[in-house]
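One structure is given below, encoded as structure tokens.
Numbering (this note's numbering), first residue to last: 1466 to 1679.
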């Protein structure tokens, strides 16, 4: 077989991906600690002050997470063909067909691959759209918890989440979505890369994928 190298992902998409992934790792680790600190509480009166440092890292990672989400929303609107939102939603006959074929392939019912598609399959793309929507709620709830005294966040926060405690509960639940999503995402990326040598893993570093030439 011969393969042709094609540009797939822009530099902004790749920067978004790694900022999103690394910020989630930092947010999950620090979030677990903030929710249930496991160090001796007497250390809070010492120079190490672990909760303050943990909260600081959490907040910095939260701003990185927010920047990544805004970058992805921008790419949904103004990115290349593979990055725009209409390529990810089952709203056209081509995309609906791809969604069905992907489900059959992941179920080991059908082999094959849609040759007219360079970017994500629709199942993956739809999952990413849902994840970005969840990320918007996550960052809004986070800013509501961080700045409860600001009128704008208090107004929107009360309207969307209700009390601060309700927002904290939603914030914690959504964290589990990102953890589960990350595990499934890594598994399926490796699964696809093993089954079809398109350079799926390397593409998020280089931006290039390899398409089979008939």
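Think of the CB as a built atom: it goes at the ideal place given N, C-alpha and C, for glycine as much as any other residue.
Quick caveat: nothing in here was measured; it's all calculated off a predicted structure.
{"Query": "Quick test of the definition: if touching needs 3 or more C-beta pairs under 8 Å, does the stretch 1548-1561 touch the stretch 1612-1624?", "Result": "no"}
{"Query": "Quick check: the Cα distance between residue 1523 and residue 1584, rounded to an integer number of angstroms?", "Result": "32 Å"}
{"Query": "Here's a check: name, in chain order, each residue in its chain whose Cβ is nearer than 7 Å to the Cβ of residue 1632, leaving out the five neighbours to either side.", "Result": "1606, 1609, 1610, 1622, 1626"}
{"Query": "Count the other CB atoms within 10 Å of the CB of residue 1660; is the residue buried (16 or more) or exposed (fewer)?", "Result": "exposed"}
{"Query": "Closer than 7 Å by C-beta to residue 1636: which residues in its own chain qualify, once you throw out the five before and the five after it? Chain order, please.", "Result": "1603, 1606, 1607, 1610"}
{"Query": "Applying the criterion that 16 or more other CB atoms from any shown protein chain within 10 Å of the CB defines a buried residue, is residue 1656 buried or exposed?", "Result": "exposed"}
{"Query": "For residue 1684, which residues in the same chain have their Cβ closer than 7 Å to its Cβ, ignoring the five residues on either side in sequence?", "Result": "With the chain represented from 1466 up to 1679, any question about residue 1684 goes unanswered, as that position is not in the structure."}
{"Query": "Looking only at its own chain, which residues have a Cβ that is under 7 Å from the Cβ of residue 1496, when we skip the five neighbours before and after it?", "Result": "1523, 1640"}
{"Query": "Alpha carbons only, please: which of 1569, 1519, 1568 is nearest the one belonging to residue 1502?", "Result": "1519"}
{"Query": "Name the two residues that bound the continuous alpha helix (DSSP H) containing residue 1531.", "Result": "1515-1543"}
{"Query": "At the level of alpha carbons, what is the spacing between residue 1539 and residue 1630?", "Result": "32 Å"}
{"Query": "Taking a contact to mean a Cβ-Cβ separation below 9 Å, would you say residue 1644 touches residue 1529 in this structure?", "Result": "no"}
{"Query": "Excluding the 5 residues flanking residue 1491 on each side, which residues of the same chain have their C-beta closer than 7 Å to its C-beta?", "Result": "1522, 1526"}
{"Query": "Which class does residue 1608 belong to by DSSP, given the choice of helix, strand or coil?", "Result": "helix"}
{"Query": "What residue ranges within the stretch 1584-1652 form continuous alpha helix (DSSP H) runs of no fewer than 4 residues, ordered along the chain?", "Result": "1587-1611, 1616-1625"}
{"Query": "For residue 1599, I'd like the list of residues in its chain whose CB is within less than 6 Å of its CB, leaving aside the five on either flank, ordered along the chain.", "Result": "1639, 1642"}
{"Query": "For residue 1426 and residue 1504, what's the separation of their Cα atoms in angstroms?", "Result": "Limits of the chain in this structure are 1466 at one end and 1679 at the other, which puts residue 1426 out of reach."}
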